[in-house]
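Residue numbers (this note's numbering): 18 to 328.
Okay, so here's the structure we're looking at.
Set out below in structure tokens:
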């Protein structure tokens, strides 16, 4: 028996690549949308199967989350023996705590409804917070695309390049890139003014006269990367900067913000469909092989050594 792959509509190309790598044809799925926007999916024959439902919850986040829930329920009601939610980009992960008393904790809410909809396991790639695992009542496998991205940027970087975290939240990520590339690292201190605006304030690390690789788990509006680029240039870095991120959302003014002469290369994965990016020096590394490897091991009850985010 092979693992069965079900593709949601958020990223069917990635699901197809995973299925091809596993030599497992995609399970047929039919979608019906009512005039009021209500969605009714129906999955093909999965009775008694080990099902892996591929549905990242990138933009539009809420719509893709609801589709994920409905597909989970459809698989469960169709008699699947086990259903794993493969959510390469996990929307709402940034909402892992309350900033004010009246706020929701979106990450916990999303975890609760995914579990209630029937997920036996969740597979994510470089989530915004490692605390996501503690919010689920089912196993969460947190894979890392850092080795893939580091290998992609290595050939174009000089040996004395510096890895920069654009904020304190990306510091551990920068350390992992630094260890894989054998390069020094630093961090930019930032203050978020709103969901789309940040102010970078200072830099810890020496970038004078050196090439810079800015790394982050995701690029949404581009504000964080734009601010970090300004700071490293102000501290004398080489004018051309490389940026690597696991997830490229490119929403709102992202493309305009990042269309700057100093951006040499922008590398992301295919965890989401890139809705913006025209005019950017963008290259995409596929995580289909990473996910197929993980799915194959889980299907055969083998350990995920070397695929998970280091603890």
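All C-beta atoms in this analysis are idealised placements derived from N, C-alpha and C, irrespective of residue type, glycine included.
From a predicted model like this one, the values you see are computed outputs, not experimental measurements.
request  = Output the boundary residues of the alpha helix (DSSP H) element that contains residue 48.
outcome  = Stepping through the chain shown from its first residue, residue 48 is reached at position 31. Taken as a continuous stretch (DSSP letters only), residue 48 belongs to no alpha helix (DSSP H), being part of the beta strand (DSSP E) at 46–50.
task = To the nearest angstrom, report how far apart residue 312 and residue 94 are at their CA atoms.
result = For the purposes of this step, residue 312 is identified with residue 295 of the chain shown, where counting begins at 1. For the purposes of this step, residue 94 is identified with residue 77 of the chain shown, where counting begins at 1. Approximately 22 Å between the Cα atoms of the pair.
ask   = For residue 310, does the three-state DSSP call read helix, strand or coil?
value = Sequence index remark: in the chain shown, residue 310 carries index 293 (1-based). Residue 310 falls in the helix class under three-state DSSP.
message = According to DSSP, is residue 153 part of a helix, a strand, or is it coil?
response = The residue given as residue 153 occupies position 136 in the chain shown. If DSSP states are grouped into helix, strand and coil, residue 153 belongs with coil.
request  = Could you tell me which of 302, 307, 140 and 109 sits nearest to residue 282, measuring between CA atoms?
outcome  = Reading the chain shown from its first residue, position 265 is the one you call residue 282. Here the closest residue by C-alpha is 302.
task = Under the assumption that residue 92 contacts residue 60 (Cβ atoms under 8 Å), give the Cβ distance between them as a whole number of angstroms.
result = By one-based count along the chain shown, residue 92 stands at place 75. By one-based count along the chain shown, residue 60 stands at place 43. So it is a contact: roughly 6 Å between Cβ atoms.
message = Just to check my reading of the structure: residue 109 and residue 124 have Cβ atoms closer than 8 Å, yes? What is that Cβ distance to the nearest angstrom?
response = Numbered from its first residue, the chain shown carries residue 109 at position 92. Numbered from its first residue, the chain shown carries residue 124 at position 107. Contact flag correct, Cβ pair sits at about 5 Å.
inquiry  = For a test of the three-state rule: what should DSSP assign to residue 58, helix, strand or coil?
reply    = For the purposes of this step, residue 58 is taken as the residue at position 41 of the chain shown. Reduced to three states, the DSSP call for residue 58 is strand.
request  = Tell me whether residue 206 sits in a helix, a strand or coil according to DSSP, three-state version.
outcome  = Along the chain shown, read from residue 1 onward, the residue named residue 206 stands at position 189. Note: residue 206 maps to strand in three-state DSSP.
key: Coil, strand or helix - residue 246 by DSSP   = Residue numbering aside, residue 246 sits at position 229 when the chain shown is read from its first letter. In the structure shown, residue 246 sits in a helix (DSSP, three-state: H, G or I).
query = At what residues does the alpha helix (DSSP H) containing residue 36 begin and finish?
reply = The residue you call residue 36 lines up with position 19 of the chain shown. Residue 36 -> alpha helix (DSSP H) spans 29–39.
ask   = What do you get for residue 101, buried or exposed, if any count of 16 or more other CB atoms within 10 angstroms of its CB means buried?
value = The sequence position of residue 101 within the chain shown is 84, counting from 1. Counting C-beta atoms within 10 angstroms of its own C-beta, residue 101 has 16 or more neighbours from the protein chains shown and is therefore classed as buried.
message = Once DSSP output is grouped into helix, strand and coil, what is the label at residue 22?
response = Looking up residue 22 in the chain shown gives position 5. Strand at residue 22.
request  = Output the distance between the C-alpha atoms of residue 168 and residue 287, rounded to the nearest integer angstrom.
outcome  = Residue 168 sits at position 151 when you count from the first residue of the chain shown. Residue 287 sits at position 270 when you count from the first residue of the chain shown. Roughly 16 Å separates the two Cα atoms.
message = Our contact map puts residue 72 next to residue 25 with C-beta atoms below 8 Å; I'd like the distance itself, whole angstroms only.
response = For this step, residue 72 is matched to residue 55 along the chain shown. For this step, residue 25 is matched to residue 8 along the chain shown. Their Cβ separation, rounded to whole angstroms, is 3 Å, which keeps residue 72 and residue 25 in contact under 8 Å.
ask   = Residues bridged to residue 219 by DSSP?
value = Residue mapping note: residue 219 aligns to position 202 of the chain shown, counting from 1. Paired residue(s): 206.
query = Cα-Cα, which of 261, 219, 38 and 240 is closest to residue 231?
reply = Taking the chain shown and counting its residues from 1, one reaches residue 231 at position 214. The residue with the shortest Cα to Cα distance from residue 231 is 261.
query = Can you tell which of 248, 304, 309 and 233 has the C-alpha that lies nearest to the C-alpha of residue 279?
reply = What you label residue 279 is simply residue 262 of the chain shown in a count that begins at 1. The option with the nearest alpha carbon to residue 279 is 248.
query = Which same chain residues, not among the five before or five after residue 192, have their C-beta less than 7 Å away from its C-beta?
reply = Position 175 of the chain shown, counted from the start, is the residue given in the question as residue 192. Contacts found: 202.
Identity of the residue in 241, 289 and 155 nearest residue 181 by Cα = Taking the chain shown and counting its residues from 1, the one referred to as residue 181 is at position 164. Looking at the Cα atoms, 241 is the closest of the given residues.
query = residue 75: which of 323, 121, 264 and 308 sits nearest, CA to CA?
reply = As a first step, residue 75 is located in the chain shown; it is residue number 58 there, counting from the start. Closest in C-alpha terms to residue 75, from the list 323, 121, 264 and 308, comes 264.
Element boundaries [beta strand (DSSP E), containing residue 63] = Residue mapping note: residue 63 aligns to position 46 of the chain shown, counting from 1. First-last for residue 63: undefined, no H or E at that position.
task = For residue 246, count neighbouring Cβ atoms within 10 angstroms of its own Cβ and tell me buried if that reaches 16, exposed if not.
result = Here residue 246 corresponds to residue number 229 of the chain shown, with the count starting at 1. It is buried - the Cβ of residue 246 has at least 16 other Cβ atoms within 10 Å.
ask   = Candidates 316, 289, 325 and 296: which alpha carbon is nearest residue 81's?
value = The residue given as residue 81 occupies position 64 in the chain shown. The option with the nearest alpha carbon to residue 81 is 289.
message = Excluding the 5 residues flanking residue 325 on each side, which residues of the same chain have their C-beta closer than 8 Å to its C-beta?
response = The residue you call residue 325 lines up with position 308 of the chain shown. Exclusion of the five residues before and after residue 325 leaves 158, 159, 160 and 161 as the residues of its chain whose Cβ lies within less than 8 Å of its Cβ.
Beta-carbon proximity list for residue 174, same chain, < 8 Å, skipping 5 on both sides = Taking the chain shown and counting its residues from 1, one reaches residue 174 at position 157. Excluding positions up to five away in sequence, the list reads 198, 200, 228, 230 and 259.
query = With a CB to CB cut of under 8 Å and the five nearest residues on each side skipped, what residues in its chain are close to residue 187?
reply = Along the chain shown, read from residue 1 onward, the residue named residue 187 stands at position 170. 204, 232, 233 and 234.
inquiry  = Along the chain, where does the alpha helix (DSSP H) containing residue 84 start, and where does it finish?
reply    = As a first step, residue 84 must be located in the chain shown, where it is residue number 67. Residues 78–94.
task = Can you give me the Cβ contacts of residue 146 inside the same chain, cut-off strictly under 6 Å, excluding the 5 residues immediately before and after it?
result = Numbered from its first residue, the chain shown carries residue 146 at position 129. Excluding positions up to five away in sequence, the list reads 110 and 113.
inquiry  = Bridge partners for residue 332 per DSSP, in chain order?
reply    = Missing from the structure shown is residue 332; the chain here goes from 18 to 328 and no further.
message = So for residue 253, helix, strand or coil by DSSP?
response = Indexing the chain shown from 1 puts residue 253 at position 236. Note: residue 253 maps to coil in three-state DSSP.
query = DSSP on residue 130, reduced to helix/strand/coil?
reply = Translated into the one-based positions of the chain shown, residue 130 becomes position 113. In the structure shown, residue 130 sits in a helix (DSSP, three-state: H, G or I).
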